[in-house]
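Asker: Residue numbers (this note's numbering): 39 to 196.
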Amino acid sequence: MTQTYTPTSSQIPTVGNDAIEILINDHQRIKALLKELTDGGEGQRSSTLEALKEILTVHNSTEENLVYPAIQEIAGRKMHAQGLYHETADANVALWQLSMMWPQDETFKATATKTRDAIEKHISSEEESEFPKLRESADAAQHQKLTAEVKKFRNRFH
Ligand SMILES: [Fe+2]
Numbered sequence: 039m040t041q042t043y044t045p046t047s048s049q050i051p052t053v054g055n056d057a058i059e060i061l062i063n064d065h066q067r068i069k070a071l072l073k074e075l076t077d078g079g080e081g082q083r084s085s086t087l088e089a090l091k092e093i094l095t096v097h098n099s100t101e102e103n104l105v106y107p108a109i110q111e112i113a114g115r116k117m118h119a120q121g122l123y124h125e126t127a128d129a130n131v132a133l134w135q136l137s138m139m140w141p142q143d144e145t146f147k148a149t150a151t152k153t154r155d156a157i158e159k160h161i162s163s164e165e166e167s168e169f170p171k172l173r174e175s176a177d178a179a180q181h182q183k184l185t186a187e188v189k190k191f192r193n194r195f196h
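1. May I ask you to check if the CB of L71 is nearer than 7 angstroms to at least one heavy atom of ligand 1?
2. Alpha carbon to alpha carbon, what distance is there between H118 and T151?
3. Cutting at 7 angstroms between CB atoms, please list the residues of its own chain near N193, excluding the five before and the five after it.
4. If you count every other CB in all the chains shown that lies within 10 Å of the CB of V105, and 16 or more means buried, which is it?
5. For a minimum of 4 consecutive residues, which ranges assigned as the alpha helix (DSSP H) are wholly contained in the segment 100-128?
6. Just mark P45 as buried or exposed, buried being the case when its beta carbon has 16 or more other beta carbons within 10 Å.
7. Hey, quick one: how far does the alpha helix (DSSP H) through P170 stretch, first residue to last?
8. Is the distance from the Cβ of H160 to the Cβ of D56 below 8 angstroms?
9. Find out if the Cβ-Cβ distance for the pair P122, L94 is shorter than 8 angstroms.
10. With a threshold of 7 angstroms (Cβ to nearest heavy atom), would H65 be considered close to ligand 1?
11. Just the C-alpha distance for P141 and G81, rounded to the nearest angstrom, thanks.
12. Please list, in chain order, all residues of the same chain as F195 whose beta carbon is under 6 angstroms from its beta carbon, the five residues on each side excluded.
13. Taking all protein chains shown into account, do 16 or more other C-beta atoms lie within 10 angstroms of the C-beta of T153, making it buried, or fewer, making it exposed?
14. Whole-angstrom Cβ separation of I62 and E165, contact assumed at under 8 angstroms?
15. Can you give me the C-alpha to C-alpha distance between D177 and Q66, rounded to a whole angstrom?
16. Below 8 angstroms on the Cβ atoms is my contact criterion, and I expect L87 with L72 to pass it. Report the Cβ-Cβ distance as a whole number of Å.
Next comes the structure, spelled out in structure tokens:
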């Protein structure tokens, strides 16, 4: 089940029947915010960046603490898990650099577009490669455990 989010909504819902669905629903919201950042007006840039940083803090820490370890240990994809971890770190730096810029800076849009493309590529590797591999490798008990852990972890942020 995927859901379309209103980009300006500040809530970070936990939507989905299992861990992977929850993360894919986050991705929908992250992509909507990235589009708003690159295509929206200068006046919205600061608030969109804040909303992006907020959801990425929750989303990335869910993945880094629970899902990338599962990709490494259950799916046996150590190098890929490590690669994803590096990419979230790069995205954090890029967002920090954007938040240090004036929204009116003439290079803002180009920097935001580069950041959007990198995050979208990262999301595609998760959705098209690593998440399906995790889904295939995990047995029912491992899926249930991961979903329970993801829900519990995210409750800490509410
Ligand atoms: Fe993700």
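For glycine and all other residues, C-beta sits at the position ideal for the given N, C-alpha and C.
Owing to the predicted nature of the structure, the values given are computational and were not obtained by experimental measurement.
Answerer: Let me spell this out:
1. Because no heavy atom of ligand 1 lies under 7 angstroms away, the Cβ of L71 does not count as near it: no.
2. 25 angstroms
3. none
4. buried
5. 106-111
6. Note that P45 scores a pLDDT of 45, beneath 50, so its modelled location is shaky; the value from the coordinates is reported in the next line. The C-beta of P45 has 16 or more other C-beta atoms within 10 Å across all chains shown, which makes the residue buried.
7. Element bounds for P170: 169-175.
8. no
9. Position check: residue 122 holds Leu in this sequence, whereas Pro was assumed. No.
10. yes
11. Going by C-alpha positions, P141 is about 8 angstroms away from G81.
12. Taking F195 as the centre and dropping the five residues before and after it, the same chain places the C-beta of V96 closer than 6 angstroms to its C-beta, in chain order.
13. buried
14. 6 angstroms
15. 26 angstroms
16. The pair is not a contact, with the Cβ atoms about 10 angstroms apart (cut-off 8 angstroms).
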